[in-house]
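> Have a look at this one before I ask anything.
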């Protein structure tokens, strides 16, 4: 890790505005930007701003039509539309694509323009893919040469030799595409079943309260051929009993009664760390070494911990590496090799007399429980300490820069940590993650004492928040029939009944396949692709492929099944709810009901034209109260009387009827028929 450059201006990612011309400095990556990172950071910020601005535009439908009625909005849309089309045309021309998107003589309709954009995107993304392959050492576009052909050698001279001061690696792409899946070697198979998580702990070191009897496996009559988690789930459904103690935190009692030690209340004298190059780092991949490490940790007063996790090629994710640092040495544990033996560390991790230092342990606590059955008692989270000091930035790299004058190297932050053997560069990166953490821990405690005028209240606050993190319990993702709605609500989409049915079927298919293949849902079918397929409802299998770029392997393998889902969704009657009209009606009723002289069912003062404007789509609908608007907005009177209701509609209708009328204080309850 290199030391910071002194005298650097604080102008951010852009180059010095005082230079004579753009790109005047020989060290600039491109005019106005010092390096690739600065250019990418600026471009990403611009894209995010544009996306947020686009999300704030009026939505298609009545909202857009309403704004469209204003001449000023029409002029604004026309000017900005021409500007966007001109920019898109310039981009297409730059990449050698057809660039007549702004030519009204050649393109007359919206669909033609959209097809041109899709075609240009395919060309640009194909170029990006080729360049990424070349950067990673794969050349797909090499011409075929005759046998015996010797490629010319590049002559390195003073004018084309790489400078010694420049970074030797501008890009570093690392992704393991063809490694053997580590899950195949696990002694305990990964449980991706759609059942609650049961703690893996069977022995409880440092226990004040022994393990609950519910933690041990016992058999009920229905448990004979059923996994324990599923058996307990079925038992609770049958008996209508929910036993919280069954899945309680094994160290709940110990953490509830944990008291902060006096040594933490005193302002410490920071102990400087050893230079990284002079500190021994031991790689642990055998049971004997793991036992020796645990004995060393039990003799320590504090140690720092960090984890490296992989979640792309696994449904629940895999913890691939654990880094531990004491005051004297560093350790790196191969958790893929020692996955079934990692529970040994519970002896040191749950010792209340030893402080475990983490940074941002929200996910680490859950990963330790999920993969190893390891729990933490007496933790100090430096992330919460940085937040309590209002440092502005709470990341570990900022703390390293602030307290250690060390620039952290984040090239391997998103690397594939399943790779074995690990390269030396990745091992050095892993060691540095915890090597400085104990010194940062000392400095943060000292600053917390100073900020509290010598008192320990801020340290106690951080310690309490860290204890709350230790109480977190890992919860498996459980699939239900309504799980897809959580993702749907986050996407800010307005689907009709067919699109929503397709989305529901795709979501269920993706979840089932991800569990059986032990792949992440993002690997099976990313969210944006799934939304695109559900929105477009392609009529042919090729249309599904066109919605995915690049096409996920399992989507290509099971394209026929996905096509059947789309056909099934297309057979559902088309029904689109006008949510804007529903919201306006609810606001109208609520605002009017606040008047003491107005009853929600009294329409004597409402003109006939106003009633007509509030009419719903359908032959005739009725409004009995605010509470039943959402129910009756879809079903007409004739449809409800005819008895042709689906099971879901019958359930919804019965639930709505069971609600107590919020306007019961009004003696006159008339049914207001709203007709076209």
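Residue numbers (the numbering used here): 5 to 680. Think of the CB as a built atom: it goes at the ideal place given N, C-alpha and C, for glycine as much as any other residue.
If I follow the unbroken beta strand (DSSP E) through residue 543, where does it start and stop?
No beta strand (DSSP E) holds residue 543; DSSP gives it neither H nor E.
> Do the segment 490-502 and the segment 388-398 touch if we need at least three Cβ pairs shorter than 8 Å?
Output reads no: the segment 388-398 does not touch the segment 490-502.
> Can you round the beta-carbon distance between residue 373 and residue 255 to whole angstroms, since I take them to be within the 8 Å contact cut?
Wrong, their Cβ atoms sit about 10 Å apart, outside the cutoff.
> Please name the residue in 531, 97, 521 whose C-alpha comes closest to that of residue 510.
Here the closest residue by C-alpha is 531.
> Roughly how many angstroms separate the alpha carbons of residue 440 and residue 433, rounded to a whole number?
Going from the Cα of residue 440 to the Cα of residue 433 covers about 12 Å.
> From the DSSP output, in three-state form, read off residue 323 for me.
Strand at residue 323.
> Cutting at 7 Å between CB atoms, please list the residues of its own chain near residue 369, excluding the five before and the five after it.
Contacts found: 380, 473, 474, 476.
> The beta strand (DSSP E) that contains residue 309, what's its start and end?
First-last of the beta strand (DSSP E) with residue 309: 306-314.
> Could you give the distance in angstroms between the alpha-carbon of residue 550 and the alpha-carbon of residue 543?
Each residue's alpha carbon lies about 12 Å from the other.
> Is the segment 270-280 touching the segment 482-496, taking contact as three or more C-beta pairs under 8 Å?
The segment 270-280 is not in contact with the segment 482-496.
> List in chain order: all unbroken alpha helix (DSSP H) runs of 4+ residues lying wholly within the segment 338-387.
Correct list: 350-353, 366-376.
> Using a Cβ-Cβ cut-off of 8 Å (strictly less than) and excluding sequence neighbours within five positions of residue 272, which residues of its own chain qualify?
Excluding residues within five positions, the ones whose Cβ falls inside 8 Å are 446, 449, 450.
> Which of helix, strand or coil does DSSP assign to residue 334?
Residue state, collapsed to three classes: strand.
> Is the beta carbon of residue 212 closer than 8 Å to that of residue 253?
Not in contact: residue 253 and residue 212 (Cβ atoms no closer than 8 Å).
> Using the Cα positions of residue 2 and residue 467, report the straight-line distance between them to the nearest angstrom.
There is no way to answer for residue 2, as the model of the chain reaches only from 5 to 680.
> Is the separation between the beta-carbon of residue 315 and that of residue 522 shorter than 8 Å?
Result no, Cβ atoms of residue 315 and residue 522 do not sit closer than 8 Å.
> Starting from the C-beta of residue 366, find all residues in its chain whose C-beta is less than 8 Å away, skip the five residues before and the five after it, and write them out in chain order.
These residues qualify, in order along the chain: 473, 476.
> So, residue 506 versus residue 573, is the Cβ gap smaller than 8 Å?
Closer than 8 Å, so yes.
> Taking the alpha-carbon positions, what's the residue 565 to residue 545 distance?
So the alpha carbons of these two residues sit roughly 10 Å apart.
> Can you tell me the Cα-Cα spacing of residue 40 and residue 136, whole angstroms?
Going by the C-alpha atoms only, they are around 15 Å apart.
> Determine the closest residue to residue 117 out of 455, 86, 74, with distance taken between C-alpha atoms.
Measuring from the Cα of residue 117, the nearest candidate turns out to be 86.
> So, using beta-carbon positions, are residue 311 and residue 361 closer together than 8 Å?
Going by C-beta atoms, residue 311 is not nearer than 8 Å to residue 361.
> For a test of the three-state rule: what should DSSP assign to residue 158, helix, strand or coil?
With a pLDDT of 40 at residue 158, under the threshold of 50, the modelled position of this residue cannot be trusted; read the value that follows with caution. If DSSP states are grouped into helix, strand and coil, residue 158 belongs with coil.
> Tell me the DSSP secondary structure of residue 516 in three-state form.
Residue state, collapsed to three classes: helix.
> To which residues of the same chain is residue 286 closer than 6 Å at the C-beta, ignoring the five residues directly before and after it?
Excluding positions up to five away in sequence, the list reads 335.
> Could you check the C-alpha separation between residue 518 and residue 197 for me, to the nearest Å?
Cα to Cα, residue 518 sits roughly 11 Å from residue 197.
> Residue 302: which of 356, 138, 128, 127 sits nearest, CA to CA?
Answer by Cα proximity: 356.
> Is residue 559 buried or exposed, if buried means 16 or more other CB atoms sit within 10 Å of its CB?
By the 10 Å Cβ count, residue 559 comes out buried.
> Looking at the strands, I want to know which residues DSSP matches up with residue 328.
DSSP, once it has assigned bridges, lists 309, 335 as partnering residue 328.
> Within 10 angstroms of its Cβ, does residue 24 collect 16 or more other Cβ (buried), or is it exposed?
Per-residue confidence for residue 24 stands at a pLDDT of 43, beneath the threshold of 50, marking its modelled position as unreliable; no derived number is given.
> Quick check on the DSSP output: the alpha helix (DSSP H) that includes residue 77 runs from which residue to which?
Where residue 77 is concerned, the enclosing alpha helix (DSSP H) stretches over 75-98.
> Just the C-alpha distance for residue 344 and residue 186, rounded to the nearest angstrom, thanks.
Roughly 13 Å between the two C-alpha positions.
> Taking a contact to mean a Cβ-Cβ separation below 8 Å, would you say residue 377 touches residue 203 in this structure?
Cβ atoms of residue 377 and residue 203: closer than 8 Å.
> Name the DSSP beta bridge partners of residue 453, please?
In DSSP, residue 453 forms no bridge with anything.
> Taking only three categories from DSSP, how would you classify residue 191?
In the structure shown, residue 191 sits in coil (DSSP, three-state: anything other than H, G, I, E or B).
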